[in-house]
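Structure, as structure tokens:
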Amino acid sequence: MDLLVKIDLGLADERMQKKLKEKEEKAVIPSKKPV
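Start counting the sequence shown at 1; every next residue gets the next number (UniProt numbering).
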């Protein structure tokens with residue numbers, strides 16, 4: 001596998017994890033600022 005592809009996939013995965021985490025936090029604590 002190409003190293004750049006590996007890095008890109010790693011970053012994409014990190015972004016997905018972040019989004020999931022934010023979604024979970026929003027589900028637990030309703031956001032105060034309008035989306």
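Glycine residues also receive a C-beta, built at the ideal position from the N, C-alpha and C atoms.
{"Query": "Residue 15 to residue 7 span [Cα, whole Å]", "Result": "12 Å"}
{"Query": "Coarse secondary structure for residue 8, derived from DSSP in three states", "Result": "helix"}
{"Query": "DSSP state of residue 2 mapped onto helix, strand, coil", "Result": "coil"}
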